[in-house]
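Participant:
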Amino acid sequence: MTAGPLRPRELRPATRGERRARVALVAVGLGLALVGAVAAVTTLPPAQWVRVALWLAAGVVVHDAVVAPLALALGVGVLGRVRRPAVRRLLRAGLLLAATVVVVAVPLLATGGLR
Numbered sequence: 001m002t003a004g005p006l007r008p009r010e011l012r013p014a015t016r017g018e019r020r021a022r023v024a025l026v027a028v029g030l031g032l033a034l035v036g037a038v039a040a041v042t043t044l045p046p047a048q049w050v051r052v053a054l055w056l057a058a059g060v061v062v063h064d065a066v067v068a069p070l071a072l073a074l075g076v077g078v079l080g081r082v083r084r085p086a087v088r089r090l091l092r093a094g095l096l097l098a099a100t101v102v103v104v105a106v107p108l109l110a111t112g113g114l115r
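Just so we're aligned, residue 1 is where the sequence shown starts under the UniProt record's numbering, counting upward by one.
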């Protein structure tokens with residue numbers, strides 16, 4: 001099976017090292033999420049918990065309604081037209097970096113920056 005611009009690659013079983021790395025990454029991620037949850041519960045006043053929950057829910061809605069469709073459109077519209085795999089990888093990395101900067105910068109700009 002040849003991998004075209006939008007065709008999925010043939011999947012191979014993960015190696016033992018890849019499985020261990022995934023388990024380690026999941027464990028680290030869960031540990032950091034637990035640390036964040038404990039820090040949020042112990043430092044935020046209970047009156048702000050509802051606002052934080054609404055903010056997190058809004059983040060999910062914005063991701064599903066705006067970011068994901070935009071990423072799909074860019075992936076199909078831009079990356080689908082590039083034939084060279086090396087250039088496609090560079091474009092994908094650049095678009096991911098730009099999206100990350102936008103996700104961080106827009107809330108800062110919308111709220112007047114750091115206070």
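We put the CB at the ideal spot given by N, CA and C, even for glycine.
For the alpha helix (DSSP H) that contains Pro85, what are its first and last residues?
Facilitator: Here the alpha helix (DSSP H) through Pro85 covers Pro85 to Ala110.
Participant: So, with DSSP's three-state summary, where would you put Arg12?
Facilitator: Of the three classes helix, strand and coil, the one that applies to Arg12 here is coil, per DSSP.
Participant: Leaving out five residues before and five after Val78 in sequence, what residues of the same chain have Cβ atoms less than 8 Å from its Cβ?
Facilitator: Cβ neighbours of Val78 beyond the five flanking positions: Leu91 and Leu95.
Participant: Taking Val67 as the reference, which of Arg19, Leu54, Ala39 and Ala98 has the closest Cα?
Facilitator: Taking only the C-alpha atoms, the option nearest Val67 is Ala98.
Participant: If you run the structure through DSSP and keep just helix, strand and coil, what is residue 120?
Facilitator: There is simply no residue 120 to check, as the chain begins at 1 and stops at 115 in what is shown.
Participant: Can you grab the Cα-Cα spacing for the pair Val26 / Gly59, in whole Å?
Facilitator: C-alpha separation (whole angstroms): 22 Å.
Participant: Taking Ala71 as the reference, which of Leu34, Ala93 and Gly36 has the closest Cα?
Facilitator: If we check each option's Cα against that of Ala71, Ala93 comes out closest.
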